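Engineer: First the structure, then my questions, so here it is.
Printed below as a string of structure tokens:
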């Protein structure tokens, strides 16, 4: 049945009690000596004998009192050492389950670490899933073909109350509850069980069960308290992992939406143009004397196909270029610029101020968004600017990083572009990415004088806008 752990005596209260005993015990002993000295005067003939007897009694009292005090101190030190060891073990277990953000790995770590923390033979974690769906089960210490069996005995009766009602159970002998030990045939023998709920606020996320200790001793109230504390840490780690999974799913959905939008704005239009030109060329080929016109349409169709091919290759390059944990933003950018130069045939230079700076201080999300903005700006240069040279400059000053992409192309009128309201050249996407990490984007351009895209992002800006969450995806 459920057992409540007795509340330990507060440290201050124990100390006050010890102080009172340390004062009252010697005082009481001295009072006994005074009373006993009168008896000694009757029993002993000389004053010297009486004094020696009193001194002997005082020394005996001192030795006994000192021994008692030192035993208390030793016991307190042992208790503190044990508590420190338990806290250290609990801390290490908490670090282990918080070291990963993959939900399945976190759940497996929870049951493994709980079993090691308490010294249990078997462990089981049962997590609630969606309504109407079977629970998610993770086992530890059991053969793979027996893992599902342990979950069968937790789905009814007292054991189910842990998951259903959030009750803590500590059972010394399951055989005292015949209705509760419905073990499947061939199941491992279980006798002791400790089960605690895993809560997040008022919500029961799941239940953690431990069966039988390695040393075959019953679970103690201290074991229950430790497991309950561990369950609190586990709830936080599980909640974080679930949030990370949700953010990752949202990031995937948003990246798909972005790719679909870009395909609609570029590739779909090019393919529509190709279809139109191919149809026109086919009709002209069937008409006498129109071969020259058909050839012109075919040349235009070929150029459109080449442009689409370049767009696809550049899109693939951009998607393949992420931020690996083993490399810096500058290294990823240098690698991308080299490949972009090879594909586009446009010269590109990279300048960093101050020279040699590795651009540390940006959050992972900000780093990825900065890389994506540079990629988008270079895509615009290749498709629309007609440029022969591009300069990418990165400047770190104060509490911000500024990146400029400058080309020597045809340029355009930014004011006329804003009046059209049409997100040409991917400017709207770049603005969204900059704002997602607390930055700002500026465009400077003039017809015939090239274009400069400038983005400024604050250091360590932790923007959690959904548009920036794909940084976690690229970092794996």
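In this note's numbering, the protein residues as written are 1 to 476.
Note that the Cβ used here is the ideal one computed from N, Cα and C, for glycine as well.
Nothing here was measured: the structure is a model prediction, and the numbers come from that model.
Okay, do the segment 164-176 and the segment 87-107 touch, 3+ Cβ pairs below 8 Å being the bar?
Structural biologist: Proximity of the segment 164-176 to the segment 87-107 falls short of the contact definition, fewer than three beta-carbon pairs being nearer than 8 Å.
Engineer: Helix, strand or coil for residue 220, going by three-state DSSP, please let me know.
Structural biologist: As a position in the chain shown, residue 220 is number 220, starting the count at 1. DSSP places residue 220 in coil when its eight states are reduced to three.
Engineer: Report yes if the C-beta distance between residue 409 and residue 386 is below 7 Å; otherwise report no.
Structural biologist: Position 409 of the chain shown holds residue 409. Position 386 of the chain shown holds residue 386. Going by C-beta atoms, residue 409 is nearer than 7 Å to residue 386.
Engineer: Under the three-state reduction of DSSP, which class applies to residue 85: helix, strand or coil?
Structural biologist: Within the chain shown, numbered from 1, the residue matching residue 85 stands at position 85. Helix, per DSSP.
Engineer: Rounded to the nearest angstrom, what separates residue 298 and residue 280 at their Cα positions?
Structural biologist: Stepping through the chain shown from its first residue, residue 298 is reached at position 298. Stepping through the chain shown from its first residue, residue 280 is reached at position 280. Going from the Cα of residue 298 to the Cα of residue 280 covers about 9 Å.
Engineer: Is it buried or exposed for residue 140, if we count other Cβ within 10 angstroms and need 16 for buried?
Structural biologist: By one-based count along the chain shown, residue 140 stands at place 140. So residue 140 counts as buried.
Engineer: Skipping 5 residues on each side, what residues in its chain have a beta carbon closer than 7 Å to that of residue 113?
Structural biologist: By 1-based counting over the chain shown, the position of residue 113 is 113. Taken in chain order, the residues that qualify are 93, 96 and 97.
Engineer: Taking 7 Å as the cut-off, decide whether the C-beta atoms of residue 243 and residue 211 are in contact.
Structural biologist: As a first step, residue 243 must be located in the chain shown, where it is residue number 243. As a first step, residue 211 must be located in the chain shown, where it is residue number 211. One thing to note: residue 243 has its Cβ no nearer than 7 Å to the Cβ of residue 211.
Engineer: Spell out the partners DSSP gives residue 396 in its beta bridges.
Structural biologist: Residue numbering aside, residue 396 sits at position 396 when the chain shown is read from its first letter. Residue 396 is bridged to 401.
Engineer: Mind checking residue 480: buried by the 16 CB within 10 Å criterion, or exposed?
Structural biologist: The requested residue 480 does not occur in the structure, where the chain is confined to residues 1 to 476.
Engineer: By the three-class DSSP mapping on this structure, what secondary structure does residue 101 have?
Structural biologist: To locate residue 101, count along the chain shown from 1; it is residue 101. Coil.
Engineer: Just how far apart, CA to CA, sit residue 239 and residue 331?
Structural biologist: As a working mapping, residue 239 is identified with position 239 in the chain shown. As a working mapping, residue 331 is identified with position 331 in the chain shown. Computed Cα separation, rounded: 34 Å.
Engineer: Here's the rule I'm using: 16 or more other beta-carbon atoms within 10 Å means buried, otherwise exposed. How should residue 427 be labelled?
Structural biologist: The sequence position of residue 427 within the chain shown is 427, counting from 1. Answer is buried; the Cβ neighbour count reaches 16.
Engineer: Return the chain-ordered list of same chain residues with a C-beta closer than 7 Å to the C-beta of residue 433, the five sequence neighbours on each side being excluded.
Structural biologist: Counting from 1 along the chain shown, the entry for residue 433 is found at position 433. Excluding positions up to five away in sequence, the list reads 369, 372, 373 and 467.
Engineer: In the DSSP output, what is residue 443 paired with across the bridge?
Structural biologist: Here residue 443 corresponds to residue number 443 of the chain shown, with the count starting at 1. BP columns for residue 443 point to 453.
Engineer: Distance, Cα to Cα, residue 107 vs residue 116?
Structural biologist: Numbered from its first residue, the chain shown carries residue 107 at position 107. Numbered from its first residue, the chain shown carries residue 116 at position 116. Rounded to whole angstroms, residue 107 to residue 116 spans 15 Å at the Cα level.
Engineer: Can you check DSSP and say which residues form a bridge with residue 139?
Structural biologist: Counting from one through the chain shown, the residue named residue 139 turns up at place 139. Beta-bridge pairing links residue 139 to 124.
Engineer: Can you tell me whether residue 387 is helix, strand or coil according to DSSP?
Structural biologist: Locating residue 387 in the chain shown gives position 387, counting from the first residue. It is coil, neither helix nor strand.
Engineer: Quick one: is residue 306 buried, meaning 16 or more other Cβ sit within 10 Å of its Cβ, or exposed?
Structural biologist: For the purposes of this step, residue 306 is taken as the residue at position 306 of the chain shown. Burial call: exposed.
Engineer: Using only the heavy atoms of the ligand GDP, determine whether one of them is closer than 6 Å to the beta carbon of residue 274.
Structural biologist: Although the ligand GDP was asked about, the structure shown includes no ligands whatsoever.
Engineer: Taking three-plus beta-carbon pairs below 8 Å as touching, is the segment 222-233 in contact with the segment 189-206?
Structural biologist: These segments touch.
Engineer: Here's the rule: buried if 16 or more other CB atoms are within 10 angstroms of the residue's CB, otherwise exposed. What is residue 526?
Structural biologist: Residue numbering for the chain in the displayed model covers 1 to 476; residue 526 lies beyond these limits and cannot be assessed.
Engineer: So, helix, strand or coil for residue 349, using DSSP?
Structural biologist: Within the chain shown, residue 349 is the residue found at index 349, counting from 1. DSSP places residue 349 in strand when its eight states are reduced to three.
Engineer: On the three-state DSSP scale, how would you describe residue 164?
Structural biologist: As a working note, residue 164 is residue 164 in the chain shown. Note: residue 164 maps to helix in three-state DSSP.
Engineer: For residue 48, collect the residues of the same chain with a Cβ closer than 6 Å to its Cβ; drop the 5 residues on either side in sequence, then sort them by chain order.
Structural biologist: Counted from its first residue, the chain shown places residue 48 at position 48. Closer than 6 Å at Cβ, skipping near neighbours: no residue.
Engineer: Once DSSP output is grouped into helix, strand and coil, what is the label at residue 212?
Structural biologist: Taking the first residue of the chain shown as position 1, residue 212 is located at position 212. Reduced to three states, the DSSP call for residue 212 is strand.
Engineer: Does the distance from the C-beta atom of residue 437 to that of residue 377 stay below 7 Å?
Structural biologist: As a working mapping, residue 437 is identified with position 437 in the chain shown. As a working mapping, residue 377 is identified with position 377 in the chain shown. No, these two residues do not count as a Cβ contact at 7 Å.
Engineer: Taking the alpha helix (DSSP H) that residue 374 falls in, what are its first and last residues?
Structural biologist: Here residue 374 corresponds to residue number 374 of the chain shown, with the count starting at 1. Residue 374 -> alpha helix (DSSP H) spans 364-380.
Engineer: Which of helix, strand or coil does DSSP assign to residue 20?
Structural biologist: Your numbering for residue 20 matches position 20 in the chain shown. Looking at residue 20 - three-state DSSP - the assignment turns out to be helix.
Engineer: Which residue's Cα is closest to the Cα of residue 102: 282, 241 and 55?
Structural biologist: Position 102 of the chain shown, counted from the first residue, corresponds to residue 102. Scanning 282, 241 and 55 for the CA closest to the CA of residue 102 turns up 241.
Engineer: Does the distance from the C-beta atom of residue 206 to that of residue 128 stay below 7 Å?
Structural biologist: Within the chain shown, numbered from 1, the residue matching residue 206 stands at position 206. Within the chain shown, numbered from 1, the residue matching residue 128 stands at position 128. Yes, the pair counts as a contact, with Cβ atoms nearer than the cut-off.
Engineer: Hey, how far is the Cα of residue 53 from the Cα of residue 31?
Structural biologist: Numbered from its first residue, the chain shown carries residue 53 at position 53. Numbered from its first residue, the chain shown carries residue 31 at position 31. Whole-angstrom Cα-Cα distance: 15 Å.
Engineer: Work out the CA separation of residue 375 and residue 351 for me, nearest whole Å.
Structural biologist: In the chain shown, the residue the question calls residue 351 occupies position 351. In the chain shown, the residue the question calls residue 375 occupies position 375. Going from the Cα of residue 351 to the Cα of residue 375 covers about 16 Å.
Engineer: Between 441, 392, 110 and 449, which has its C-alpha nearest residue 413's C-alpha?
Structural biologist: In the chain shown, counting from the first residue as 1, residue 413 sits at position 413. Comparing Cα-Cα distances from residue 413 to each of 441, 392, 110 and 449, the minimum goes to 449.
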